[in-house]
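Visitor:
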Amino acid sequence: MWRKRRKSQSCHPRNEMGERLAGFGLSMNLITFLTLEMHMPTVKAANIITNFGGTCGLTPLVGAFIADAYLGRFKTIAITSIIYMLGVVLLTLSAAFSSLRPPSCNYHMGVSSLICKEPSSKQLWYFFSSLFLLAVGTGGIRPNTAPFGADQFDPSHPKEKNQLWHFFNWYYFCVGISILGALTVIVWVQDNVGWTWGFGIPAGAMAIALLSFFIGAPFFRYMPPVGSPFTRIAQVIVASYRKRKLSLPSDTSLLHRRNDKGELINYPAVIELHHSNQFTLLDKAAIVEEDNNMSSHASRWRLCTVHQIEELKSLLRMAPIWMTTILVSTVIVQQGTFSVQQARTMNRWMGYNFQMPAASFGVFGILMLLTWVPIYDLYVMGWLKKVTGNERGVTPLQRIGAGLFIAILSMVAAAAVEVKRRNVAHRHGLLDRPDLTVPISAFWLVPQHCLFGLAESFVFIGELEFFYDQSPESMRSTGTALFWSTFALGNYVSTALVTLIDHNTNWLENNLNRAHLDHFYWFLAVLSTVNLLFFLLSAHWFRYRNEGLDPDLDIHLETSAALKPN
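Just so we're aligned: the sequence shown equals residues 1 to 566 in our numbering.
Following this line, the structure appears as structure tokens:
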């Protein structure tokens, strides 16, 4: 049964690395493609990117639902990877064929500035079709790749269980390396060789990843669909509403605990969640009525188990924490939009022979993340264990809180650098010459990018740990999807803020030398401070879920039996 595991475990990281390189290679420098090749205004281009990023963060909720309820992870990844590949090909063709882009900018008689024609409706339709396919493909890939990789290890075997944690380390390592490759090699090719090769290389990486994934198919282990958590949530809401006029029994042991098959949530045994005293209105869904027909399928919408109710309660308890992590995604997304535009106006030369691409400055954030994570894991965590007495050094909520504070510092640093950049532009008479380079080194942007990366390492890893630890065992895929949804909403919040500010102020003009981007950064710093205060209140209110096996019932985990090798 386990002979093929080593091959499947080695196939998956290579596949993940290729897919991430394709995704980040296409998106990291997209704002430059939109402004220079598609001739879109900066604000419009930034909003397209954040909307696209937001959609890519929401579609995983659909992908997780389809995988859990109907197709399973392998089929979902396979189908959506093909869709994703098609989107990559369409985007590459838009760079290769001039008919799919507006004509080049040029000067006209009597006009001192360049005249640039925006894309036609047909060109926009083609471009947005490629983004749509990428978003659909992302929805099936993101929430399922990490859980599918974890499925290749047997948690009932001590050696395999230990290897499982190494898998997650390699998984994040591959993601970091892929971002690094996208920010350096791919962005350099896009800026210096051309967009056809700049999009073609990620397309090739995706093709190799897809081929590797299908080659590994005979060696993978597959977990069958186990039912949708969204259905169970809906059942609790409907049942509690139907019984809203009933009174709860004083003895909670009288609440319904198991269905007619002796199961907690209508499929084989999972770790039972005990009754909690929060959100007690939902407990009415577990009140047993005399006319309940336990053999009827419809009874699931009339009578729910305590475990099923506690699943929903767990999500409600996590909701305030989840909300506070949205704004930090809004902050971090700026390194791919306005921070790139800042770098484009500054001196990016390293020596006399190499000019660093504007979009590559995000590499410093990735390097900070890749450097800090092992230092924290190997050294800082051990010291914190001694200081706090916590087996993990600090709790996930404490890690998130630290990241939220660092995100504030990143916005302060960004605002300070922008003030300095505009002052230099003013001294050299460049306020109305956005086509010329401001004589200030773009490496002044490094501190804000490093703070971006440090904030990511605290918030996002802490958030993943939090959702995994506090999500019920039967809903951990949903927890992963919720994690990705914070990126989505963070992008949408960024779009809303940029649109609102652009309509009411001059902070975000196309000419950054005349704009007041620093005001926008200060505004985000203030919002992030308010957000941190709300997080502290939410963390103080939060109560960790009570999870454990009922000593009066013989509940056995059948994790190995539920896994079906090919």
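Where is the CB? At the ideal position from N, CA and C, for every residue including glycine.
Small disclaimer: the values here were computed from a predicted structure and weren't measured.
1) Could you check if proline 439 is buried or exposed, using at least 16 other CB atoms within 10 Å of its CB as the buried criterion?
2) What separation, rounded to the nearest whole angstrom, lies between the Cα atoms of alanine 525 and lysine 313?
3) Is DSSP giving leucine 500 helix, strand or coil here?
4) What residue does the alpha helix (DSSP H) around proline 374 start on, and which one ends it?
5) For serine 104, which three-state DSSP category applies?
6) Thinking C-alpha only, which one of Phe148, Leu86 and Ser178 is nearest threonine 480?
7) Please confirm if the segment 384 to 397 is in contact with the segment 188 to 201, defined as three or more CB-CB distances below 8 angstroms between the two stretches.
8) Can you round the beta-carbon distance between glycine 490 and leucine 327 to whole angstroms, since I take them to be within the 8 angstroms contact cut?
9) Between isoleucine 141 and tyrosine 84, how many whole angstroms is the CB-CB distance? I'm expecting something under 8 angstroms.
10) Rounded to whole angstroms, what's the CA-CA distance from arginine 258 to threonine 231? Just pull it up for me.
11) Identify the continuous beta strand (DSSP E) that holds serine 441 and give its terminal residues.
12) Does the distance from the CB of threonine 35 to the CB of serine 494 come in under 8 angstroms?
13) Checking 8 angstroms against the spacing of the C-beta atoms, do threonine 505 and threonine 437 come in under that value?
14) Assuming isoleucine 208 and threonine 325 are in contact, meaning their beta carbons sit under 8 angstroms apart, how far apart are those beta carbons, in whole angstroms?
15) Among residues of its own chain, excluding the 5 on either side of arginine 242, which ones have a beta-carbon nearer than 7 angstroms to its beta-carbon?
16) Hey, quick one: how far does the alpha helix (DSSP H) through glycine 137 stretch, first residue to last?
17) Compute the Euclidean distance between the alpha carbons of proline 218 and glutamate 456, then round it to the nearest angstrom.
18) Once you ignore the five residues that flank asparagine 347 on each side, which residues in its own chain have a CB closer than 7 angstroms to its CB?
19) Note down the Cα distance separating serine 228 from phenylalanine 33, rounded to an integer number of angstroms.
20) When you compare each of Met411, Glu37, Phe405 and Ser27 to leucine 536 by their alpha carbons, which one comes out closest?
21) Which of the three DSSP states is assigned to tyrosine 468 in this structure?
22) From Ser121, Leu131, Val373 and Phe214, pick the residue whose C-alpha is nearest to that of lysine 75; which is it?
23) Within this structure, are the beta carbons of serine 485 and leucine 58 separated by less than 8 angstroms?
24) With a threshold of 7 angstroms (Cβ to nearest heavy atom), would tyrosine 492 be considered close to the ligand ATP?
25) Using the Cα positions of aspartate 502 and proline 249, report the straight-line distance between them to the nearest angstrom.
26) Please classify tyrosine 84: does DSSP put it in a helix, a strand, or coil?
27) What did DSSP end up calling phenylalanine 354 once you bin it into helix, strand or coil?
28) In whole angstroms, what separates the C-alpha of phenylalanine 279 from that of threonine 305?
29) Once the 5 residues before and after serine 538 are set aside, which same chain residues still bring their CB inside 7 angstroms of it?
30) Alpha carbons only, please: which of Val424, Ala425, Phe534 and Ser81 is nearest the one belonging to serine 212?
31) Comparing C-alpha positions only, which one of Asn510, Val238, Phe364 and Gln123 sits nearest to serine 99?
32) Going by DSSP, what residue range makes up the alpha helix (DSSP H) through leucine 532?
33) Once you ignore the five residues that flank tyrosine 468 on each side, which residues in its own chain have a CB closer than 7 angstroms to its CB?
34) Could you tell me the boundaries of the alpha helix (DSSP H) in which valine 288 lies?
35) Can you say whether alanine 234 is buried or exposed, counting buried as having 16 or more other CB atoms within 10 angstroms of its CB?
36) Please return the same chain residues whose Cβ sits closer than 6 angstroms to the Cβ of valine 288, not counting the five positions on each side in sequence.
Guide: Well, looking at it:
1) Within the sequence shown, numbered from 1, the residue matching residue 439 stands at position 439. Residue burial annotation: proline 439 is exposed, with fewer than 16 other C-beta atoms found within 10 angstroms of its C-beta.
2) Within the sequence shown, residue 525 is the residue found at index 525, counting from 1. Within the sequence shown, residue 313 is the residue found at index 313, counting from 1. Taking the CA atoms as reference points, alanine 525 sits about 32 angstroms from lysine 313.
3) Reading the sequence shown from its first residue, position 500 is the one you call residue 500. Three-state DSSP puts leucine 500 in a helix.
4) Numbered from its first residue, the sequence shown carries residue 374 at position 374. Per DSSP, the unbroken alpha helix (DSSP H) holding proline 374 starts and ends at 363 to 375.
5) Position 104 of the sequence shown holds residue 104. Residue state, collapsed to three classes: coil.
6) Along the sequence shown, one-based indexing puts residue 480 at 480. Nearest C-alpha to threonine 480: Phe148.
7) No, they do not touch.
8) Taking the sequence shown and counting its residues from 1, the one referred to as residue 490 is at position 490. Taking the sequence shown and counting its residues from 1, the one referred to as residue 327 is at position 327. Confirmed, about 7 angstroms.
9) Walking along the sequence shown from the start, residue 141 turns up at place 141. Walking along the sequence shown from the start, residue 84 turns up at place 84. Sure, about 6 angstroms apart at Cβ, within 8 angstroms.
10) Mapped onto the sequence shown, residue 258 falls at position 258. Mapped onto the sequence shown, residue 231 falls at position 231. The alpha-carbon atoms of arginine 258 and threonine 231 are separated by roughly 17 angstroms.
11) By one-based count along the sequence shown, residue 441 stands at place 441. Unbroken beta strand (DSSP E) run through serine 441: 438 to 441.
12) The residue you call residue 35 lines up with position 35 of the sequence shown. The residue you call residue 494 lines up with position 494 of the sequence shown. Against a cut-off of 8 angstroms, the Cβ pair of serine 494 and threonine 35 comes out as no contact.
13) Position 505 of the sequence shown, counted from the first residue, corresponds to residue 505. Position 437 of the sequence shown, counted from the first residue, corresponds to residue 437. No. Outside cutoff.
14) Position 208 of the sequence shown, counted from the start, is the residue given in the question as residue 208. Position 325 of the sequence shown, counted from the start, is the residue given in the question as residue 325. Actually they do not touch by this definition, with Cβ atoms about 33 angstroms apart.
15) For the purposes of this step, residue 242 is taken as the residue at position 242 of the sequence shown. The answer, listed in chain order, is Arg302.
16) The sequence position of residue 137 within the sequence shown is 137, counting from 1. That run of the alpha helix (DSSP H) goes 121 to 150.
17) The residue you call residue 218 lines up with position 218 of the sequence shown. The residue you call residue 456 lines up with position 456 of the sequence shown. C-alpha separation (whole angstroms): 36 angstroms.
18) Your numbering for residue 347 matches position 347 in the sequence shown. Closer than 7 angstroms at the Cβ level, and outside the excluded window around asparagine 347, lie Thr437, Pro439, Ile440, Ser441 and Ala442.
19) Position 228 of the sequence shown holds residue 228. Position 33 of the sequence shown holds residue 33. Taken atom to atom, the span from the alpha-carbon of serine 228 to that of phenylalanine 33 is near 40 angstroms.
20) Here residue 536 is taken as the residue at index 536 of the sequence shown, counted from 1. When each option's Cα is compared against that of leucine 536, the closest is Phe405.
21) What you label residue 468 is simply residue 468 of the sequence shown in a count that begins at 1. Residue state for tyrosine 468 is assigned as helix, using DSSP reduced to three classes.
22) By one-based count along the sequence shown, residue 75 stands at place 75. Considering only alpha carbons, the answer is Phe214.
23) Position 485 of the sequence shown, counted from the start, is the residue given in the question as residue 485. Position 58 of the sequence shown, counted from the start, is the residue given in the question as residue 58. In this structure, leucine 58 lies closer than 8 angstroms to serine 485 by Cβ.
24) With respect to the ligand ATP, the structure offers nothing, as it holds no ligand at all.
25) Counted from its first residue, the sequence shown places residue 502 at position 502. Counted from its first residue, the sequence shown places residue 249 at position 249. For aspartate 502 and proline 249, the distance between alpha carbons rounds to 56 angstroms.
26) Working through the sequence shown from its first residue, we reach residue 84 at position 84. Tyrosine 84 falls in the helix class under three-state DSSP.
27) The count along the sequence shown starts at 1 and reaches residue 354 at position 354. Of the three classes helix, strand and coil, the one that applies to phenylalanine 354 here is strand, per DSSP.
28) Counting from 1 along the sequence shown, the entry for residue 279 is found at position 279. Counting from 1 along the sequence shown, the entry for residue 305 is found at position 305. So the two alpha carbons sit approximately 15 angstroms from each other.
29) To locate residue 538, count along the sequence shown from 1; it is residue 538. Annotation for serine 538: Pro320, Ile321 and Thr324 place their beta carbon closer than 7 angstroms to its own, counting only its chain and skipping 5 residues before and after.
30) As a first step, residue 212 is located in the sequence shown; it is residue number 212 there, counting from the start. Nearest C-alpha to serine 212: Ser81.
31) Position 99 of the sequence shown, counted from the first residue, corresponds to residue 99. Cα-wise, what sits closest to serine 99 is Gln123.
32) Start at 1 with the first residue of the sequence shown, and residue 532 comes out as number 532. Leucine 532 -> alpha helix (DSSP H) spans 517 to 541.
33) Position 468 of the sequence shown, counted from the first residue, corresponds to residue 468. Cβ within range, chain order: Arg476 and Gly479.
34) Residue 288 sits at position 288 when you count from the first residue of the sequence shown. That residue, valine 288, is in no alpha helix (DSSP H); it is neither H nor E in DSSP.
35) Along the sequence shown, read from residue 1 onward, the residue named residue 234 stands at position 234. The residue in question, alanine 234, is exposed, as its Cβ has fewer than 16 Cβ neighbours within 10 Å.
36) In the sequence shown, the residue the question calls residue 288 occupies position 288. Scanning its chain for C-beta atoms nearer than 6 angstroms, with the 5 sequence neighbours on each side dropped, one finds around valine 288 the residues His256, in chain order.
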